[in-house]
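Same order as they appear, the protein sequences are chains A and B.
The numbers in numbering that gives the first Met the number 0 rise by one with no breaks, and the one at position 203 of the first sequence is 202.
The numbers in numbering that gives the first Met the number 0 rise by one with no breaks, and the one at position 156 of the second sequence is 155.
Protein chains: 2
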Amino acid sequence: MGEDKPKKLIKDLNTYFKSAFTVDNVIFGFDEGDLKILLIKRQEEPYTDHWALPGYFVLPDEDLNTAAQRVLKKLAGLDNVYLEQVKSFGAVDRHPFGRVITVAYFALIKIADFAPRPDKDVAGEVRWFNVKDVPQLDLAFDHEEMIQECFSKLKREVRIRPVGFELLPPKFTLTELQHLYEAILETELDKRNFRKKILSMNLLIDLEEMQEGVAHRPAKLYEFDGQKYEEFLQEGFSFEVKESKRKDNTRPSMPAFN
Amino acid sequence: MGEDKPKKLIKDLNTYFKSAFTVDNVIFGFDEGDLKILLIKRQEEPYTDHWALPGYFVLPDEDLNTAAQRVLKKLAGLDNVYLEQVKSFGAVDRHPFGRVITVAYFALIKIADFAPRPDKDVAGEVRWFNVKDVPQLDLAFDHEEMIQECFSKLKREVRIRPVGFELLPPKFTLTELQHLYEAILETELDKRNFRKKILSMNLLIDLEEMQEGVAHRPAKLYEFDGQKYEEFLQEGFSFEVKESKRKDNTRPSMPAFN
DNA sequence: GTAGCTCGTGTAAAAAATACACTAAACCTC
DNA sequence: GAGGTTTAGTGTATTTTTTACACGAGCTAC
Numbered sequence: 000m001g002e003d004k005p006k007k008l009i010k011d012l013n014t015y016f017k018s019a020f021t022v023d024n025v026i027f028g029f030d031e032g033d034l035k036i037l038l039i040k041r042q043e044e045p046y047t048d049h050w051a052l053p054g055y056f057v058l059p060d061e062d063l064n065t066a067a068q069r070v071l072k073k074l075a076g077l078d079n080v081y082l083e084q085v086k087s088f089g090a091v092d093r094h095p096f097g098r099v100i101t102v103a104y105f106a107l108i109k110i111a112d113f114a115p116r117p118d119k120d121v122a123g124e125v126r127w128f129n130v131k132d133v134p135q136l137d138l139a140f141d142h143e144e145m146i147q148e149c150f151s152k153l154k155r156e157v158r159i160r161p162v163g164f165e166l167l168p169p170k171f172t173l174t175e176l177q178h179l180y181e182a183i184l185e186t187e188l189d190k191r192n193f194r195k196k197i198l199s200m201n202l203l204i205d206l207e208e209m210q211e212g213v214a215h216r217p218a219k220l221y222e223f224d225g226q227k228y229e230e231f232l233q234e235g236f237s238f239e240v241k242e243s244k245r246k247d248n249t250r251p252s253m254p255a256f257n
Numbered sequence: 000m001g002e003d004k005p006k007k008l009i010k011d012l013n014t015y016f017k018s019a020f021t022v023d024n025v026i027f028g029f030d031e032g033d034l035k036i037l038l039i040k041r042q043e044e045p046y047t048d049h050w051a052l053p054g055y056f057v058l059p060d061e062d063l064n065t066a067a068q069r070v071l072k073k074l075a076g077l078d079n080v081y082l083e084q085v086k087s088f089g090a091v092d093r094h095p096f097g098r099v100i101t102v103a104y105f106a107l108i109k110i111a112d113f114a115p116r117p118d119k120d121v122a123g124e125v126r127w128f129n130v131k132d133v134p135q136l137d138l139a140f141d142h143e144e145m146i147q148e149c150f151s152k153l154k155r156e157v158r159i160r161p162v163g164f165e166l167l168p169p170k171f172t173l174t175e176l177q178h179l180y181e182a183i184l185e186t187e188l189d190k191r192n193f194r195k196k197i198l199s200m201n202l203l204i205d206l207e208e209m210q211e212g213v214a215h216r217p218a219k220l221y222e223f224d225g226q227k228y229e230e231f232l233q234e235g236f237s238f239e240v241k242e243s244k245r246k247d248n249t250r251p252s253m254p255a256f257n
């Protein structure tokens, strides 16, 4: 890919071009009130038979994001998934075969869309795990740390951007949305206050449809208004969800000036 | 570094081990009321004579953070600098000599501690630039984008963690602190409200000393109480600075539930 | 028709954010 | 040393946001 012949080159250039890099996806899904992560059982060395994040080497002519998308496509046939780069991990000895740094992404998917494609190259088994159960799994590489970082990032993101909707079906009830926030933020929320807040943002469309097939009073269905959100963004609006458990306020949190 | 002989290997393993990676540092400093970034004039191909971020290849036996620290050490003899990984950049064609992905870090330094070490290997010239002037510089590689990302991250960080103090001398006045926040957040802050907020956090030690050598009423000097901050963190306290320019509140920002 | 669920709603009190202007303390100049 | 210049330091009233909290409505299953 060199265009010019270099005039003054760094020393030992070639010693540096011996590394590889990978992407790993922390794929979040939301089901039955729980936040879940998709893991695969590795079929290849190293860490054969360990649970691990789905990931792969980045091809020589492939961007990082493209590589992350490709993994999702191959694993579950999913396109256009919400992906965000989180952090790179490059400890010297993290991979036994050589120097491999990896870029962690988190992906948010609607679990109903997910149709695993058994591809014996990549994964012997594919399974959703509750986020809370991850520490018991003895994951491959530094994948446990990667999950923690991605989970932290998701917690932060969900408060300042309406990414949570990526985890819900297109039509959802406010209670489902609340449960989602509770699962991500790992806290309980007050029903009335939650609804007041969410509805005051004017980002939900009331579909004037009802839940069906439930053995109790059915709830209204809503839809996230992505278009309106785009407009608001243009105007400099900011979605913001705080948690603010300020039980004692002897040490106040530091809020707005001005 | 291999421990076991692998049994089942991925195909074409060797085709992947041909990449290199680098770290690049966006070094922030604060001087005369302005937020500045340190750039170097490149001496090596590619982009010779372009202004660029200080960065270098990661050595084969070196962690990413270590590499970023090393660059700072070499450039200015600085140890123990506040560093944070921000994002990796891996566009296929970002480096003309081959596949090179880079990890961007931001560094916060006290500008007075900075003593550039002219090292002709690395940098022909080293200069502080106002953040706002960066777009006119025609930087090497994708460094301009990296700076934007780091600046955004700094804006976010400074609201939720007391990292700003890394940019100030150990003893500072409240007005200096306010100017720092104004430079980073790119907004004006109200003096009385700012002071009220900052002091109410109980994280500043009043040194009972005065500024000297100024041609006006001298201000009190303060010190950041890092130890108390650590204690607060343990207790689950959260530093939080919002900006909240809520001129019209027809579209409310989405705050705490509960 | 009633037992068992979940849905949906409002208000009052507390806390936080905002807007705003003058006196105090030092130095400088003449 | 009087007056001018500059920045430091301070308090209050209003608005907005957050919080805490309980019960009737509507559906199903039996």
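Note that CB positions come from ideal geometry on N, CA and C, so glycine has one too.
(1) Under 8 Å, with one C-beta from each stretch per pair, do the stretch 81-98 of chain B and the stretch 52-71 of chain A reach the 3-pair mark?
(2) Judging by CA-CA distance, which residue of Phe29(A), Gly163(A) and Glu124(A) is the nearest neighbour of Phe238(A)?
(3) Interface residues of chain B around Val125(A) at Cβ under 8 Å?
(4) Of the residues Met145(A), Arg98(A) and Lys131(A), which one's Cα is nearest the Cα of Phe16(A)?
(5) Measuring alpha carbon to alpha carbon, tell me which of Leu37(A), Ala19(A) and Glu31(A) ends up nearest Ile146(A).
(6) Using C-beta distances below 6 Å, list every residue in its chain close to Val157(B), excluding the 5 sequence neighbours before and after it, in chain order.
(7) Between Arg98(A) and chain B, is there a C-beta pair that is closer than 9 Å?
(8) Closer than 9 Å between beta carbons: that is the criterion. Which residues of the stretch 36-61 of chain A meet it against chain B?
(9) Of the residues that make up the stretch 127-150 of chain A, which ones have a beta carbon closer than 7 Å to any beta carbon in chain B?
(10) Counting beta carbon pairs with one atom in the stretch 24-37 of chain A and one in the stretch 29-47 of chain B, are three or more of them shorter than 8 Å?
(11) Gln84(A) touches chain B at which residues, Cβ-Cβ below 9 Å?
(12) On the three-pair Cβ rule with 8 Å, is the stretch 134-141 of chain B touching the stretch 65-85 of chain B?
(13) I'd like to know whether the C-beta of Thr14(A) is nearer than 9 Å to at least one C-beta of chain B.
(14) What first and last residue would you give for the beta strand (DSSP E) that runs through Phe223(B)?
(15) Could you please give the first and the last residue of the uninterrupted alpha helix (DSSP H) stretch that includes Lys35(B)?
(16) Any beta carbon of chain B sitting closer than 9 Å to that of Phe20(A)?
(17) For the beta strand (DSSP E) holding Asn24(A), just list the boundary residues, first then last.
(18) Count Cβ pairs between the stretch 219-236 of chain A and the stretch 189-203 of chain A that sit closer than 8 Å; are there 3 or more?
(19) Under 9 Å Cβ-Cβ, which residues of chain B neighbour Leu63(A)?
(20) Quick one: what does DSSP say Lys14(B) is sitting in, helix, strand or coil?
(21) How should His304(A) be labelled, buried or exposed, when 16 other C-beta atoms within 10 angstroms of its C-beta is the threshold for buried?
(22) Answer yes or no: does any C-beta atom of chain A fall closer than 9 Å to that of Val73(B)?
(23) How many angstroms separate the CA atom of Val57(B) from the CA atom of Ile100(B)?
(24) Applying the criterion that 16 or more other CB atoms from any shown protein chain within 10 Å of the CB defines a buried residue, is Glu211(B) buried or exposed?
(25) Can you pull the DSSP bridge partners for Glu83(A)?
(26) Examine chain B for any beta-carbon lying closer than 9 Å to the beta-carbon of Lys17(A), and answer yes or no.
(27) I'd like to know whether the C-beta atoms of Leu153(B) and Phe223(B) end up nearer to each other than 9 Å.
Taking the definition as stated:
(1) The stretch 81-98 of chain B, when compared against the stretch 52-71 of chain A, does touch it at the 8 Å Cβ threshold.
(2) By one-based count along the first sequence, residue 238(A) stands at place 239. Per the C-alpha coordinates, the member of Phe29(A), Gly163(A) and Glu124(A) positioned closest to Phe238(A) is Gly163(A).
(3) Against the first sequence, residue 125(A) aligns to sequence position 126. Neighbours of Val125(A) on chain B: none; closest Cβ ~18 Å, over 8 Å.
(4) Walking along the first sequence from the start, residue 16(A) turns up at place 17. The residue from Met145(A), Arg98(A) and Lys131(A) with its alpha-carbon nearest to that of Phe16(A) is Arg98(A).
(5) On the first sequence, residue 146(A) is found 147 positions in, with the first residue counted as 1. The residue with the shortest Cα to Cα distance from Ile146(A) is Leu37(A).
(6) Within the second sequence, numbered from 1, the residue matching residue 157(B) stands at position 158. Excluding positions up to five away in sequence, the list reads Gly163 and Ile183.
(7) Translated into the one-based positions of the first sequence, residue 98(A) becomes position 99. Chain B contact via Cβ: present.
(8) Those residues of the stretch 36-61 of chain A that come within reach of chain B (Cβ to Cβ, closer than 9 Å) are Gln42, Glu43, Glu44, Pro45, Thr47, Tyr55, Phe56, Val57, Leu58, Pro59, Asp60 and Glu61.
(9) The residues in question: there are none.
(10) Contact between the stretch 29-47 of chain B and the stretch 24-37 of chain A is absent, with fewer than three C-beta pairs closer than 8 Å.
(11) Start at 1 with the first residue of the first sequence, and residue 84(A) comes out as number 85. By Cβ distance, chain B contributes Lys86 and Ser87.
(12) In short, these stretches do not touch, since the Cβ pair count stays below three.
(13) Here residue 14(A) refers to the residue found at position 15 of the first sequence. Yes, Thr14(A) counts as interfacial toward chain B.
(14) The residue you call residue 223(B) lines up with position 224 of the second sequence. Segment Lys219 to Phe223, the beta strand (DSSP E) holding Phe223(B).
(15) As a working mapping, residue 35(B) is identified with position 36 in the second sequence. For Lys35(B), there is no enclosing alpha helix (DSSP H); the residue is part of the beta strand (DSSP E) that begins and ends at Asp33 to Arg41.
(16) For the purposes of this step, residue 20(A) is taken as the residue at position 21 of the first sequence. Yes, its Cβ sits closer than 9 Å to a Cβ of chain B.
(17) Here residue 24(A) corresponds to residue number 25 of the first sequence, with the count starting at 1. Ala19 to Asp30 is the extent of the beta strand (DSSP E) around Asn24(A).
(18) Inter-segment contact for the stretch 219-236 of chain A and the stretch 189-203 of chain A is present: three or more beta-carbon pairs are separated by less than 8 Å.
(19) Working through the first sequence from its first residue, we reach residue 63(A) at position 64. Per Cβ cutoff of 9 Å: Ser87, Phe88, Gly89, Ala90 and Ile100.
(20) As a position in the second sequence, residue 14(B) is number 15, starting the count at 1. Contrary to the premise, residue 14(B) reads as Thr rather than Lys in this sequence. The answer is helix: DSSP assigns Thr14(B) an H, G or I state.
(21) Past the edges of chain A, shown from 0 to 257, lies residue 304(A), and the structure says nothing about it.
(22) Here residue 73(B) corresponds to residue number 74 of the second sequence, with the count starting at 1. A small correction: the amino acid at residue 73(B) is Lys; Val does not occupy that position in the sequence shown. Contact of Lys73(B) with chain A is not assigned, every C-beta pair being separated by 9 Å or more.
(23) As a position in the second sequence, residue 57(B) is number 58, starting the count at 1. As a position in the second sequence, residue 100(B) is number 101, starting the count at 1. Roughly 11 Å between the two C-alpha positions.
(24) If you number the second sequence from 1, residue 211(B) lands on position 212. Glu211(B) should be labelled exposed.
(25) By 1-based counting over the first sequence, the position of residue 83(A) is 84. Phe105(A).
(26) One-based indexing of the first sequence puts residue 17(A) at position 18. So, interface residue.
(27) For the purposes of this step, residue 153(B) is taken as residue 154 along the second sequence, with counting starting at 1. For the purposes of this step, residue 223(B) is taken as residue 224 along the second sequence, with counting starting at 1. Judged by their CB atoms, Leu153(B) and Phe223(B) are not nearer to each other than the 9 Å cut-off.
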